[in-house]
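Student: If you read the sequence shown in this note's numbering, its first letter stands for residue 5, the second for the next number, and so on.
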Amino acid sequence: MRARAPIAAALAAGLALALAGCGAGLNKRDLGLRDVPLPAGARIANSVKVCDRGANSYCSEQMVVVGAASSYATSADLLNAYNHLLKKTGWTVSRGNTGKQLAAESPGNELRVYYDTAYNDLLAIDSSWIERSAPIGRALSAAIFARQSAISLMLVRGSS
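1) Less than 7 Å separating the beta-carbons of residue 52 and residue 140?
2) Short of 6 Å in beta carbon distance, which residues of its chain neighbour residue 71, apart from the five on each side in sequence? Order them along the chain.
3) Under 8 Å by Cβ, that's how I've got residue 144 and residue 68 pegged, so tell me the actual separation to the nearest angstrom.
4) Starting from residue 82, trace the alpha helix (DSSP H) both ways and give me its first and last residue.
5) Would you kindly check if the distance between the Cβ of residue 89 and the Cβ of residue 119 is under 7 Å?
6) Which of the three DSSP states, helix, strand or coil, is assigned to residue 51?
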């Protein structure tokens, strides 16, 4: 019986160490606003970090980006400029989670961003196609009512 105690303790310590390391390589550092390229004349109007601790846990940075009226007449203009900037800086552009939403992966596939116009993301939120935090939904709505050109971004670590 005494010979089993050190083995059991070693196994327990090894299991605890293995569990502590689970997922450690997934998010080496927090996402941040510095990770998002923005076209000239655009700024982040609102940003919220959201984490899902479920079975497929992840954290995202949700943002509302508005464009200067002198630079972008419409949200579509801002979206096109953002799309062009991503391609120019080496991001790989693809389709997002809805019919109109776009997505892009950073060079090296470390980051993935989902993006669309404020109107299209609000429609997707209202239709339960996507989820965004309440402050982001309110900021998107406020931008539309203020007639600002605005897009919604959600940045996550890694490809999906």
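Glycine included, C-beta positions come from ideal geometry on N, C-alpha and C.
Tutor: To lay it out plainly:
1) yes
2) 45, 46, 82, 153
3) 6 Å
4) 79–92
5) no
6) strand
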